[in-house]
Amino acid sequence: MKAALIFTGSSPILIITSYPSLEDKRFLEKLKHKGIDKFIAFEVQLESAKEKYGSRFDVISDDLNETEDMRILDYNGQLAFERFSFEELGDMIKHDGHNI
3 MKAALIFTGS
13 SPILIITSYP
23 SLEDKRFLEK
33 LKHKGIDKFI
43 AFEVQLESAK
53 EKYGSRFDVI
63 SDDLNETEDM
73 RILDYNGQLA
83 FERFSFEELG
93 DMIKHDGHNI
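See below:
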């Protein structure tokens, strides 16, 4: 399972996913289906997301143990962005929507 802070055209979101990679074609198609074609993403440590979101993280992640999918952990972009320091962000992944 992975957690990522994704910067979209409108606002950052924090997601958790059971896909093996943030560049997995199925994950990219899932985002596209949700209206997210172009984004910049940073993986965050799963334990850090769990620590910051507590029981909310547990409830949402339990649902992901059944299948490869993704869930939005935080729709509040400002809050999600402020909860993680730059040091907690992994390498930047850019996707322009053209290579699915």
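Be aware that the sequence shown starts at 3, since it is given in the numbering used here, and climbs by one per residue. Yeah, the Cβ is synthetic: ideal placement off N, Cα and C, and Gly gets one too. Treat the numbers as computed from the prediction; the structure is a model and nothing was measured.
### Message
I want to see whether chain D comes within less than 9 Å of residue 92, judged by CB atoms only; does it?
### Response
Here there is only one protein chain, and chain D is not present.
#### Entry: 7 Å CB neighbourhood of residue 15 in its chain, flanking five on each side removed
Working through the sequence shown from its first residue, we reach residue 15 at position 13. Closer than 7 Å at the Cβ level, and outside the excluded window around residue 15, lie 8, 74, 76, 77, 79 and 82.
### Straight-line Cα distance separating residue 43 from residue 94
To locate residue 94, count along the sequence shown from 1; it is residue 92. To locate residue 43, count along the sequence shown from 1; it is residue 41. Straight-line spacing of the CA atoms in residue 94 and residue 43 works out to 6 Å.
### Query
Are residue 6 and residue 68 touching if we call contact CB-CB under 9 Å?
Taking the first residue of the sequence shown as 1, we reach residue 6 at position 4. Taking the first residue of the sequence shown as 1, we reach residue 68 at position 66. Not a contact, by the Cβ cut-off of 9 Å.
### Task
Closer than 8 Å by C-beta to residue 48: which residues in its own chain qualify, once you throw out the five before and the five after it? Chain order, please.
Residue numbering aside, residue 48 sits at position 46 when the sequence shown is read from its first letter. For residue 48, where only same-chain residues beyond five positions count, the Cβ hits under 8 Å are 3, 4, 5 and 18.
### Task
Would you grab the beta carbon distance between residue 89 and residue 21 for me? Rounded to a whole angstrom, and I think it's under 8 Å.
Looking up residue 89 in the sequence shown gives position 87. Looking up residue 21 in the sequence shown gives position 19. Going by Cβ atoms, the distance from residue 89 to residue 21 rounds to 25 Å, so no, they are not a contact pair.
### Message
In the DSSP output, which residue or residues are listed as bridge partners for residue 76?
### Response
Start at 1 with the first residue of the sequence shown, and residue 76 comes out as number 74. Residue pairing by DSSP places residue 76 opposite 16 in a beta bridge.
### Query
Based on the DSSP secondary-structure assignment, which residues constitute the bridge partners of residue 3?
On the sequence shown, residue 3 is found 1 positions in, with the first residue counted as 1. For residue 3, which the question treats as bridged, DSSP gives no partner whatsoever.
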